[in-house]
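Student: Before anything else, here's the structure in question.
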Amino acid sequence: MKLHFEIFFRTLYVFVTFCSVATAQQMSNKTKELANSKADGFKGIWYMIQPTGDEYAFKYSGGLGTYPANHRPFAVYVEKVNKTYFCYGGTDENNSTLLHNVSFFDHRTKKIANPTTVLDKKTVDAHDNPVIAVDAAGHVWIFSTSHGVERPSYISKSIEPYDIDRFELVEATEMVNGEKKPFTNFSYFQVYYDDDKGFLALFSRYDTKHRRVIGYNTSKDGQHWDEWKVLGNIEGGHYQISAMSNGKIGVAFDFHPDGKGLDYRTNLYYLETSDWGKSWQTVDKHTAELPLTTRDNAALVKDFTSDKLNNYLLDIDLDENGNPLILTISSRGPQPGPRNGPRDWHFFHVDNKSKEWNSTVITSSDSNYDMGSVYAEGNGRVRIIGPTETGPQGYNPGGELAIWLSKDGGRNWKKKKQITKNSPRNHAYVRKPNHANEDFYGLWADGDGRKPSKSNIYFTTKDGKVFELPRQTKTDFFEPQRLK
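In the numbering used here, the protein residues as written are 11 to 494.
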C-alpha cells in the first residue's frame, strides 16, 4: 500500500510541476519571434556530453542533427504531393546555437529545397532537436522539444499547405486535472498523425528527482491537447521509442534501476495500442493496467539485468501483420572504449502465430550510441541501415554505414553492402522517414567524435546511393550531389 501511495504522489508531482513551468513560460511563447529565414545550406549541430578525460574525449559526441533515437519522426513522405519533408538540428558557421530547420525532397524533380530556419532554440543542446508532422490539410508542423524544464518548447505550423517558407506559432494548451493550461514544455517528443483522429504524441516529463516519466497525449487539431497519461513510472524512469502502422502504435521502452543513475538503462518492454491510446496491450493481447510501476510486469520482453547489461534503444517498426520489430544495443557500461564491449545489436521480433518473442544478435559495433533504423518491407523482408562498421573515430558514436537484410522476418541476417567508406568523420543517427519512399530512405549527419567539427547532412536511397547536402547554397532548389 505504501508503494502505491508513493507512486501516486510521484506522478501527481509531475503534473503540478509542469503546470507551474508552463505558466511561467507562456509569456516567452507569446513574445517569441519565429525566424522564418532561409538557412542557405545544410549545417548540422555538433554536440557533446560529459568529457571523459581519456582518448575518447566524451561519453558521446559528434554530428547530432538527427539525434536522439527518442525523437521521431525527423522526416515524413507525403504521397499526395510526392515529397519527403524533413527537419534537423542546424546551426551557424560557429556552431553557436541550435536552429530548427526544415526542407523537403521533391521526388518528381529530384531536387531539394533550401531549408527554412523556423526558430533559434537558444542552446547548443541537441536534445532540443525538432520533429515533424504533416496534417491532412497539408500544413507542416514542427515540434520544438526541450531537454528538461529549463527551456520552453514550441509548436509551429506552416501558414500555407505543403509550404515551408513561413511558419506561425501555435499557442497550444493541454488539460491538467480538468483545467486548460499552456502546453509549452515537452521532452523526447514522438508524434503521429491520423487524418481522422488527429495527433498522438509520446513524450517524457521530469519529476523532482530528474526521473523521466513516459506517457502520451492526443489532440484533434494540434492546438488543444487532452490530459497527459502515464505509461511507465518504474524506479528511476525510462526512455521510449515508437512506431505507427495501419492505426496501431507500438512503444518499446527501458528503465533506469533505482540508485544507479541515468547512465544505466536496462531491460526491454513493449506495449501497443490500436484505439489511439484508449487502451494498451502486450503482444499476446493482455490489457495493461497503467501506469506500469514495477520492473517485473507483463510488458517485459527481455530481462538484461540478470546479465548486468545496459540496453540502448535504437529503433522499432511494425511489420505487415502489425508485429513489432525492435533493434537495441547491449553493453557492459556507459563509458566509451573497448572495456564495455561487446556492443551487440539485438533484434527482437514476434512469431505471427505463437505471438512469442524471438531475438537474434545481428552483429556488434563499438559505441553504445551507434543508432540505426529498421525497415519492415513486407513478406518477411526486413532492412537495417546503420553504422555497424568502424569509422574514423573508433568507439565514438557512429562510424561507416552498412545495409543489412533479413528475408525471414529477422531470424537470419546478411550484410548487403557498406554504403560509406573512407569518411573523415563518423556518420551517426540514420533516421527512417514515416512512409519512407525508396528515393529518400534515411537521413543523418556526420561529425568528429573527439573534437568539435563541422557536421554535414546526408540522405540515402533504399539501395544505398548516398547524397551529401551542401553547406552553402543561395538557390531555392538544387539537385543533391551523390557522395563518391
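Backbone N, C-alpha and C fix where the C-beta goes; we use that ideal spot for every residue, glycine too.
Remember, it's a predicted structure, so these values are computed and weren't measured experimentally.
1) Using alpha carbons as the reference points, say which of W235, N104 and K442 lies closest to I55.
2) Less than 8 Å between the beta carbons of G225 and L241, yes or no?
3) Under DSSP, the beta strand (DSSP E) around T127 begins and ends at which residues?
4) So who's on the other strand from V86, going by DSSP bridges?
5) Under 8 Å by Cβ, that's how I've got D325 and G382 pegged, so tell me the actual separation to the nearest angstrom.
6) Tell whether a beta-carbon distance below 8 Å holds between L129 and L44.
7) Around the Cβ of G99, are there at least 16 other Cβ atoms within 10 angstroms (buried) or fewer (exposed)?
8) Return helix, strand or coil for R161, following the three-state DSSP convention.
9) Classify D456 as helix, strand or coil using the three-state DSSP reduction.
10) In its own chain, which residues sit with a C-beta less than 7 Å from the C-beta of D327, not counting the 5 before and 5 after it?
11) Output the distance between the C-alpha atoms of Y279 and R353, rounded to the nearest integer angstrom.
12) Would you kindly work out how many angstroms separate the C-alpha atoms of G257 and E478, rounded to a whole number?
13) Would I413 be called buried (16 or more neighbouring beta carbons within 10 Å of its own) or exposed?
14) Since F263 and G246 are thought to touch, with beta carbons under 8 Å apart, how far apart are those beta carbons, to the nearest angstrom?
15) Which of helix, strand or coil does DSSP assign to P78?
16) Which stretch, first to last residue, makes up the beta strand (DSSP E) that contains P407?
17) Are there 16 or more other CB atoms within 10 angstroms of the CB of V159, so buried, or fewer, so exposed?
18) Is T315 helix, strand or coil when you go by DSSP?
19) When burial is assigned at 16 or more other CB atoms within 10 Å of the CB, is L323 buried or exposed?
Tutor: Once the coordinates are examined:
1) Looking from the CA of I55, the closest CA among W235, N104 and K442 belongs to N104.
2) In this structure, L241 lies closer than 8 Å to G225 by Cβ.
3) Residues T126 to D130.
4) Answer is Y95 and N444, bridged to V86.
5) About 7 Å separates the two Cβ atoms, so the contact holds.
6) In this structure, L44 lies closer than 8 Å to L129 by Cβ.
7) Residue burial annotation: G99 is buried, with at least 16 other C-beta atoms found within 10 angstroms of its C-beta.
8) R161 falls in the coil class under three-state DSSP.
9) In the three-state scheme derived from DSSP, where H, G and I count as helix and E and B as strand, D456 is classed as strand.
10) Short of 7 Å from the beta carbon of D327, and not among the five residues preceding or following it, lie these beta carbons of its own chain, in chain order: A253, L335, V384, Y385 and A386.
11) So the alpha carbons of these two residues sit roughly 20 Å apart.
12) Here the alpha carbon of G257 sits roughly 34 Å from the alpha carbon of E478.
13) With a threshold of 16 other beta carbon atoms within 10 Å, I413 meets it and is buried.
14) Between G246 and F263 the Cβ distance is about 13 Å, and since that is not below 8 Å, they are no contact.
15) Coil.
16) Unbroken run through P407: none, as it is neither H nor E.
17) That one is buried.
18) The DSSP-derived three-state label of T315 is helix.
19) Counting Cβ neighbours within 10 Å, L323 comes out buried, since at least 16 surround it.
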